[in-house]
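Colleague: Have a look at this one before I ask anything.
In the numbering used here, the protein residues as written are 37 to 310.
Following this line, the structure appears as structure tokens:
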């Protein structure tokens, strides 16, 4: 019997060893691919985290906001370069006295740290406040214009949609009655106010008619309405403070007096709009 150069069991052992070696090489290739994917994913995550942190730093967190409010109550927290929107000029100058307009009697005007409705509120103004002072800074956002104002010892930004330059206050009862023809009567003070306000409003464009001070009844009934948006680039609108007497039937009110405060769109010269 002829002997084999290499016993069969050796050949089998060599083949098995080669198979194990090839498998090990294949496993190393898969692991390297997995490691590469993992590294790329980690890098992307790290990059996103850095970007998010940088973006967040431009909008103060609640904690930093509280700190800023308590330490610098009258200072704006952002530089011009860091403000939303773009800088614009016109319609408001440093020192202009502004009033809140067209804010409901059960609401307030928010004054915010930066321009935009998503910014934190630093203070508020009541619907009939007429003592806000402009700093002269204005920003244009995609759908709104914001003015920087000082109010109650704080500085912040408010939407120009709810601000007007304050002019004079006059008794306009006689002029109204001359046009209307008689003293109007209504079942409620609210209805009376709406009736009178409609006479001051424009149809095209339609004015905003807003109840800014709810009705009260004493010796005289009182109610206040704002009529804003007259299609005039000078006169923004009016605040109408109505006084009325309750008639003997105890169920209706008759107009006595109208005090009208004039609001201007671009500025004032004395007690008139420019």
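The C-beta atom is built at its ideal place from N, Cα and C for all residues, glycine as well.
Whole angstroms are fine: how far does the CA of residue 176 sit from the CA of residue 224?
Modeller: 42 Å
Colleague: Here's the rule: buried if 16 or more other CB atoms are within 10 angstroms of the residue's CB, otherwise exposed. What is residue 66?
Modeller: Because residue 66 sits at a pLDDT of 29, beneath the cut-off of 50, its placement in the model cannot be relied upon, and the point is left open.
Colleague: Helix, strand or coil: which one does DSSP assign to residue 69?
Modeller: Residue placement at residue 69 is poorly supported in this model, since its pLDDT is 30, which falls under 50; the coordinates still yield a value, given next. Three-state DSSP puts residue 69 in a helix.
Colleague: Quick one: using the 10 Å Cβ neighbour count with 16 as the cut-off for buried, is residue 215 buried or exposed?
Modeller: exposed
Colleague: Answer with buried or exposed for residue 308, where buried requires no fewer than 16 other C-beta atoms within 10 angstroms of its C-beta.
Modeller: Counting Cβ neighbours within 10 Å, residue 308 comes out exposed, since fewer than 16 surround it.
Colleague: Is it buried or exposed for residue 210, if we count other Cβ within 10 angstroms and need 16 for buried?
Modeller: Exposed: under 16 other Cβ atoms inside 10 Å.
Colleague: In terms of residue numbering, what span does the beta strand (DSSP E) encompassing residue 261 cover?
Modeller: Its beta strand (DSSP E) spans residues 257-264.
Colleague: Tell me residue 168's beta-bridge partners as DSSP assigns them.
Modeller: In the DSSP secondary-structure assignment, residue 168 is bridged to 134.
Colleague: Pick helix, strand or coil for residue 307, following the three-state DSSP scheme.
Modeller: coil
Colleague: I think residue 263 touches residue 243, with their Cβ atoms under 8 Å apart; what is that distance to the nearest whole Å?
Modeller: 5 Å
Colleague: What is the rounded straight-line gap between the Cα of residue 153 and the Cα of residue 138?
Modeller: Whole-angstrom Cα-Cα distance: 17 Å.
Colleague: Considering only the beta carbon of each residue, do residue 163 and residue 140 sit closer than 8 Å?
Modeller: yes
Colleague: Taking residue 134 and residue 200 to be in contact with their CB atoms under 8 Å, please state how far apart those CB atoms are, rounded to whole angstroms.
Modeller: 7 Å
Colleague: Just verifying my parser: in three-state terms, what is the DSSP assignment at residue 206?
Modeller: strand
Colleague: Ends of the alpha helix (DSSP H) at residue 226?
Modeller: Here the alpha helix (DSSP H) through residue 226 covers 225-236.
Colleague: Determine the DSSP secondary structure at residue 150, reduced to helix, strand or coil.
Modeller: In the structure shown, residue 150 adopts coil according to DSSP, grouped into three states.
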